[in-house]
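Undergrad:
Residue numbers (full-length UniProt numbering): 1 to 284.
1) What is the DSSP secondary structure of residue 56, reduced to helix, strand or coil?
2) Quick check on the burial criterion: 16 or more other C-beta atoms within 10 angstroms. Buried or exposed for residue 105?
3) Please classify residue 139: does DSSP put it in a helix, a strand, or coil?
4) Using 8 Å as the limit for Cβ to Cβ distance, is residue 77 near chain B?
5) What residue from 54, 56, 241 has the CA that sits closest to residue 113's CA?
6) Given that a residue counts as buried once 16 or more other Cβ atoms are within 10 Å of its Cβ, and exposed if not, what is residue 2?
7) Go through the stretch 211 to 252 residue by residue and report every complete run of the beta strand (DSSP E) that reaches 3 residues or more, in order.
8) What span of residues does the alpha helix (DSSP H) with residue 256 cover, start to end?
9) Any idea what DSSP makes of residue 124, helix, strand or coil?
10) Could you give the C-beta distance for residue 173 and residue 150, rounded to a whole number, given that I count them as a contact under 8 Å?
11) Which ranges does the beta strand (DSSP E) cover as unbroken runs of at least 3 residues, wholly within the stretch 72 to 137, from first to last along the chain?
12) Classify residue 284: buried if its beta carbon has 16 or more other beta carbons within 10 angstroms, exposed otherwise.
13) Can you say whether residue 238 is buried or exposed, counting buried as having 16 or more other CB atoms within 10 angstroms of its CB?
14) Output yes or no for whether 8 Å exceeds the beta carbon distance between residue 126 and residue 170.
15) Helix, strand or coil for residue 190? Go by DSSP, reduced to three states.
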């Protein structure tokens with residue numbers, strides 16, 4: 001019989017908690033370390049939909065990327081959205097473990113899974129913990145051969161789960177793309193780092209109007225090259241990690257634990273509209 005603590009040990013070998021950022025909240029949120037575990041669900045978000053899925057799967061543990069209780073709380077009443085999740089997990093005999101920025105920085109981690117999903121061979125971290133380190137935030141990798149930016153954007157869209165947000169590209173559609181930086185989750189704070197790395201494109205999530213526009217405007221400075229930008233949904237950029245984490249636990253505890261990767265799309269955006277579908281409303 002496998003204990004919950006054994007699953008945690010496998011996760012923390014792969015995603016050491018000392019790699020987590022100081023502000024983060026990682027580790028066991030609820031559950032008895034000595035409880036028996038036969039089934040584990042892996043997801044990005046610990047929300048009602050994924051708890052439903054865990055209950056339906058008969059899981060004893062949910063492993064989520066995003067923390068449930070990132071900021072300090074003074075209580076978890078059942079009439080509060082997060083408190084309701086805690087109460088339901090406990091009533092259902094399901095533990096919750098969160099691996100967030102420790103999974104972002106580990107090798108293999110969230111950005112490794114994103115890079116692999118879009119066909120990159122990883123060469124180094126985008127933001128290494130130390131000179132020469134394999135751990136750190138983001139990854140830099142290479143495609144097998146260069147391809148036009150428009151095709152690269154399609155590549156990203158084809159290899160990540162579909163969302164209403166979709167995949168957006170900013171740059172010359174014909175620009176050849178070979179070297180690429182990626183950062184799972186919100187990565188616009190590393191725009192300058194990606195530019196300094198000399199990559200052809202940067203793939204991340206939650207890119208904002210002004211930082212993206214100011215980044216691209218630097219291309220007008222003589223002698224300056226900046227990467228083209230690919231903006232994806234936050235949830236989609238991190239979802240490939242779920243399979244990676246599931247494989248990690250399955251390999252560490254073969255024939256004793258059954259794993260399942262959540263298929264619930266927990267990206268909050270549900271509707272997308274574009275003037276392209278109504279040309280009469282498009283601006284000149």
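For every residue, glycine included, the Cβ atom is placed at its ideal position computed from N, Cα and C.
TA: Based on what the coordinates show:
1) helix
2) buried
3) strand
4) Protein chains in the displayed structure number just one, and chain B is not present.
5) 241
6) buried
7) 228 to 232
8) Run containing residue 256: none; DSSP gives neither H nor E here.
9) strand
10) 4 Å
11) 95 to 98, 121 to 128
12) The predicted model places residue 284 with a pLDDT of 49, which falls under 50 and marks its position as unreliable; any figure quoted below should be read in that light. The residue in question, residue 284, is exposed, as its Cβ has fewer than 16 Cβ neighbours within 10 Å.
13) buried
14) no
15) helix
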